[in-house]
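Chains as they are written, first to last, in our numbering: chain A, 109 to 245; chain B, 63 to 386.
All C-beta atoms in this analysis are idealised placements derived from N, C-alpha and C, irrespective of residue type, glycine included.
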């Protein structure tokens, strides 16, 4: 039997808008995944430690505040410190195109802008976590 | 020496293997059950919206203030349609993050046959063996989970909130009967006193079979319902978890229950009953899985069609499978 994927959805930074994060959480749940939703105003430390304790297969971060340039690479660095550098991290929210290259270079697996479809995100998570699961077995 | 983060990561991975029924978990789980027995396992149950997560967070902080380390196992239901789940209890526990003396794990129910009860019991043993002083298990008080939590935990705290269908809900059998302590949370809201009174009255109406049921009379706890000096009196306490009000009294009462379990003959009986219930539960799971394993591909569907066509009763079909 295939086990459900466990995905952490978090909101780093100080903006108080989590509608997007909740929509993603719901879409992943409806796709049969277990979504650990950590809520608003999370520090990178809180996200990385929650990811460790929950042993998640992927992490999705929603950020609208414009602080993605510092917060997202910090999450990646902390995950690597904790031996969880193999967990794919994807991001969504308001992230200008010109920042995407730098974020990907910092280790963010994918960035989903406002035009992304839920189906696209679900498929991305499936594709990337299957690879990881296969490697871990 | 292992870095703390590595130990926590190993613990988290073992918990995943337990959840998934992974064979690799068997040996470490067996070892954990032998090393367990030091932690106080406390079940926190109650209807959705009563503030369980906030209460758990407030309790955990209170224990941390005493120096005790705390593990939290938070169980939420899975969607019966997709098998997915949104596990959001961490939202209300954010004050605990950054504290290495706290470990929080969210678990999805994974349906009635997902064996989450077995997984939760194993997870508790592993957290206990890992060295946590307190293991808090938070479950939704609906369906069969209330009896499961009684088997899992040394001490069961039932959480209610004002205006949650007071009288009728309080008298409902099952959930009130397994509670060792009842808490009316959100006591800053109107109607909290009435809810507490209704629960105290319900406790008087429904004494436990073991006779250790009591209720608090103003200023004189443990006088009603407790028929002997060895009896445990179920008190109704009031808390407002968002303001940490009533938390120290609850902590004290939970501690008193542990002392009661360890001290008297009734406590020992209770522990023995828990262990027996757990064996019976595991046996049922085991036999059930064995029976299912003997089913040929499509056989269950074929039997189901005959039962649906009234050629066979469901009981007869079950017997055919069991006697294979």
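- Setting aside the 5 residues that flank it on each side, residue 333 of chain B is surrounded in the same chain by 323, each with a C-beta closer than 7 Å to its C-beta; the list follows chain order.
- Residue burial is scored here from C-beta neighbours: residue 310 of chain B has fewer than 16 other C-beta atoms within 10 angstroms and is therefore classed as exposed.
- For residue 107 of chain B, the uninterrupted beta strand (DSSP E) segment begins and ends at 102-108.
- In chain order, 180, 181 and 184 place their CB closer than 8 Å to the CB of residue 214 of chain A, counting only its own chain and leaving out the 5 sequence neighbours on each side.
- Assignment of residue 116 of chain A by DSSP, reduced to helix, strand and coil, places it in the strand class.
- In the DSSP assignment, the residues bridged to residue 299 of chain B are B:245.
- Sorting B:385, B:89 and B:131 by C-alpha distance to the C-alpha of residue 355 of chain B places B:385 at the top.
- Around the beta carbon of residue 235 of chain A, fewer than 16 other beta carbons lie within 10 angstroms, which makes this residue exposed.
- The straight-line gap separating the alpha-carbon atoms of residue 149 of chain B and residue 142 of chain A is approximately 7 Å.
- With three or more CB-CB distances shorter than 8 Å, the stretch 162-174 of chain A counts as touching the stretch 194-210 of chain A.
- Cα atoms of residue 371 of chain B and residue 378 of chain B: separation of roughly 14 Å, rounded to the nearest angstrom.
- In chain order, 115 place their CB closer than 8 Å to the CB of residue 153 of chain B, counting only its own chain and leaving out the 5 sequence neighbours on each side.
- For residue 258 of chain B, the three-state secondary structure derived from DSSP is helix.
- Between residue 121 of chain A and residue 171 of chain A, the CB-CB gap stays under 9 Å.
- Listed in chain order, the positions of the stretch 183-206 of chain A with a beta carbon within less than 8 Å of a beta carbon of chain B are 189, 190, 191 and 192.
- Considering only A:177, A:173, A:134 and A:158, the residue with the shortest C-alpha distance to residue 125 of chain A is A:173.
- The beta carbons of residue 133 of chain B and residue 197 of chain B sit about 5 Å from each other, so the pair counts as a contact at 8 Å.
- Rounded to whole angstroms, the separation of the alpha carbons of residue 132 of chain A and residue 314 of chain B is 42 Å.
- Only those residues of the stretch 152-174 of chain A whose C-beta falls short of 8 Å from the nearest C-beta of chain B are listed: 153, 154, 157, 158, 160, 161, 162 and 163.
- If you check the CB distance, residue 101 of chain B and residue 195 of chain B come in under 9 Å.
- The beta-carbon distance between residue 187 of chain A and residue 159 of chain A, rounded to whole angstroms, is 7 Å. This is short enough to meet the 8 Å contact definition.
- For residue 343 of chain B, the closest C-alpha among the options B:252, B:181 and B:296 is that of B:181.
- The C-alpha of residue 118 of chain B is placed about 10 Å away from the C-alpha of residue 105 of chain B.
- Spatial neighbours of residue 292 of chain B in its own chain (CB-CB distance under 6 Å, excluding positions within 5 residues in sequence) are listed in chain order as 326 and 328.
- Less than 9 Å divides the Cβ of residue 136 of chain B from the Cβ of residue 151 of chain B.
- Distance from the CA atom of residue 191 of chain A to the CA atom of residue 93 of chain B, rounded to whole angstroms, is 25 Å.
- Assignment of residue 349 of chain B by DSSP, reduced to helix, strand and coil, places it in the helix class.
- Among the CB atoms of chain B, one or more fall inside 9 Å of the CB of residue 136 of chain A.
- If you look at residue 158 of chain A, you'll find it in the alpha helix (DSSP H) that goes 152-162.
- Non-local beta-carbon contacts of residue 187 of chain B in its own chain, meaning distances under 7 Å to residues more than five positions away in sequence, involve 91, 94, 95 and 98 in chain order.
- Of the residues A:230, A:212 and A:147, the one whose Cα lies closest to the Cα of residue 146 of chain B is A:230.
- When 7 Å is used as the limit between beta carbons, residue 78 of chain B is near these residues of chain A: 163, in chain order.
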